[in-house]
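Chains as they are written, first to last, in this note's numbering: chain P, 1 to 154; chain R, 1 to 487.
Here's the structure we're looking at; comments come further down.
Right, here's the structure in full:
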């Protein structure tokens, strides 16, 4: 079973860096079966990254205004249909999954999305806010926990 | 677990486009304004950083065209250090750049612009997407697009490292040569790209040009503006994306000016409007006369149609034949129909693919001599390339250590901003009558700006072509009548 961890975001846009930085930190800690990729691409352009994997975790920043900054929100791809563009990275994800199934691509059967509610994903060159820095620790732990669950024999 | 998250677009306005449409007594359009978010503060962010970091940093401006920023920044560094890269380095850069053009143009045609034409502008909303396109052209084509893009991206990574933030360009050259044993991969990938570009043009021919209604839309006055056009050309006035002079033609197609990248500030100026964050570029020699067509207005366009108009042709044979057919079909040069950008984009894709074949077969492409070491003290550097979405300017000033003291970037969408604003206004006037607005009409307005493939600066280029958009309709007393959102 090949597993992908995909960190999304832009590492020069303050809290928008959290997905990228979490992926980077995980790279140092998670050696072995899991492939960890950073990307600033969006939506359908991400499609090619998923090909060939059986399971995937997406990590990203999100700004809903409905949760305390630093809260990790766990989403399934199916949830995104109801989401009103929380992050440009997600636009097209449900469509991407649909295309993958139509085209019969080797695509992850299971996708988890861990999104960190952030305060400031817009300031260029800005440091991550304290809530995002703290949230990143939680985010990383959740990814590691999920990877452990997946690695246990059924 | 079903979770519904609703977000008020006002709180996320930075990521949203907004069209405000003002109606008159009769319910017809008085004026329509497009506002798109712009990445502000980047130039300030660049200050105090080593100039050598700019190719990496500027490639983070946009998740869609990092390679264009990387290349413009690299060329600005050549100029900053007054260093001429060896011929092999220039050729490898141009090869990588044209590969990027192929994949980017392919993505736009099939995933972003395609739904408008391949599926049709008035098709039900649920079908106006890539799935609708695949339904029309066949699932095999979808696999082909994905397969080709992957092949090209692998080739770019082989030469340039990461495709998203390439680690490739250095002042005076590139980081590593192409290995002799990899040359065949580039030739094969490029030849595959030529076939795919020819196929894409055939799709355009069969589905769009053979449909009278589509052709009527392309030719309609609603999507037409007679402006100046700008593009980069080689010494024969043929299109080149990587290097050359900047040529501008007037609305009759006659050369207005041709200038070296270093002289851009003598010819390009920026106008500010109170209702928009974007600065509107115009030709300094003509002046800002408002959002007006014609030879007396300094408004100009960039991007595929503008590049075709500003050149005397394509430097490769198949693309040249397609170029001639384009003008023959659309009534001669220049073509002023905005929607013709989609066709022009495919002609450019064919040129980029053919140019890749030429470069990949060039024996010098595998030369190990890919770097001239800079020795001059840096002062100021300007680098210009054609990005897929139009002319891209990078301009840095540094202290003697090469630390950036000032940066000025003019991105493609800024060059196009005035004409895009005009297109949205005119499309709204053309399709909205008697206060009647629905999703189909809204899409017809959006087509006016989608043809330019505008990039909204700060990585908010939501795919597939769906910038979250809010449209507000106001009556003559500026009272809001209706609000439509498309997230």
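Note that beta-carbon positions come from the ideal geometry of N, C-alpha and C, so glycine has one too.
This one's a predicted model, so the numbers in the text were calculated from it and none came from an experiment.
- Of all C-beta pairs linking the segment 225-234 of chain R to the segment 245-257 of chain R, three or more are shorter than 8 Å, placing the two stretches in contact.
- Residue pairing of residue 337 of chain R in beta bridges, as defined by DSSP: R:224.
- Setting aside the 5 residues that flank it on each side, residue 428 of chain R is surrounded in the same chain by 21, 29, 32, 445, each with a C-beta closer than 7 Å to its C-beta; the list follows chain order.
- For residue 390 of chain R, the enclosing beta strand (DSSP E) stretches over residues 390-398.
- Of the residues R:81, R:325, R:206, R:46, the one whose Cα lies closest to the Cα of residue 372 of chain R is R:81.
- In its chain, beyond the 5 residues on either side, 279, 280, 281 have a beta carbon closer than 7 Å to the beta carbon of residue 270 of chain R.
- Contact note: residue 102 of chain P reaches chain R through 131, 134, 139, 142, using a C-beta cutoff of 8 Å and chain order.
- The three-state reading of DSSP puts residue 323 of chain R in helix, counting H, G and I together.
- Comparing C-alpha distances from residue 179 of chain R to each of R:347, R:437, R:92 shows the shortest one belongs to R:92.
- Residues of chain P with a Cβ closer than 8 Å to the Cβ of residue 42 of chain R are, in chain order, 124.
- For residue 366 of chain R, the closest of R:347, R:203, R:181, R:302 by C-alpha to C-alpha distance is R:181.
- Below 8 Å, too few C-beta pairs join the segment 328-347 of chain R and the segment 52-68 of chain R to call them touching: fewer than three.
- Residue 83 of chain R is positioned such that its CB atom lies closer than 8 Å to that of residue 171 of chain R.
- Neighbours of residue 36 of chain P in chain R, taken as residues whose beta carbon is under 7 Å from its own, are absent, since the nearest beta carbon is some 14 Å off.
- Residue 38 of chain P: not part of any alpha helix (DSSP H); member of the beta strand (DSSP E) spanning 34-39, first to last residue.
- Approximately 29 Å separates the beta-carbon atoms of residue 74 of chain P and residue 146 of chain R; this is outside 8 Å, ruling out the contact.
- Contacts with chain P at 8 Å (Cβ-Cβ) do not include residue 326 of chain R.
- By alpha-carbon distance to residue 52 of chain P, the top candidate from P:60, P:3, P:69 is P:3.
- Against chain R, the CB of residue 106 of chain P has no partner CB under 8 Å away; the residue lies outside that interface.
- Nearest Cα to residue 253 of chain R within the set R:74, R:313, R:60, R:290: R:313.
- Residue 146 of chain R has a beta carbon lying within less than 8 Å of a beta carbon in chain P.
- The C-beta of residue 399 of chain R has fewer than 16 other C-beta atoms within 10 Å across all chains shown, which makes the residue exposed.
- Where residue 309 of chain R is concerned, the enclosing alpha helix (DSSP H) starts and stops at 304-310.
- Close partners of residue 12 of chain P in chain R (Cβ separation under 8 Å): 45, 57, 60.
- With distances taken between CA atoms, residue 72 of chain R lies nearest to R:54 out of R:142, R:54, R:87.
- In this structure, the alpha-carbon of residue 77 of chain R lies about 33 Å from that of residue 112 of chain R.
- Between residue 133 of chain P and residue 244 of chain R, the alpha-carbon positions lie close to 46 Å from each other.
- DSSP places residue 213 of chain R in no beta strand (DSSP E) but in the uninterrupted alpha helix (DSSP H) bounded by 212-219.
- Within the model, the alpha-carbon separation for residue 481 of chain R versus residue 434 of chain R is close to 13 Å.
- Chain-ordered listing is empty here: chain P has no CB closer than 7 Å to the CB of residue 389 of chain R, the nearest sitting near 15 Å.
- Here residue 90 of chain R is buried: its Cβ has 16 or more other Cβ atoms, across all protein chains shown, within 10 Å.
- The three-state reading of DSSP puts residue 366 of chain R in helix, counting H, G and I together.
- For residue 88 of chain R, the three-state secondary structure derived from DSSP is helix.
- Residue 381 of chain R is not a Cβ neighbour of residue 74 of chain R, given a cutoff of 8 Å.
- As the crow flies, the alpha-carbon of residue 60 of chain P is around 16 Å from that of residue 45 of chain P.
- Per the DSSP secondary-structure output, residue 114 of chain P pairs in a beta bridge with P:59, P:74.
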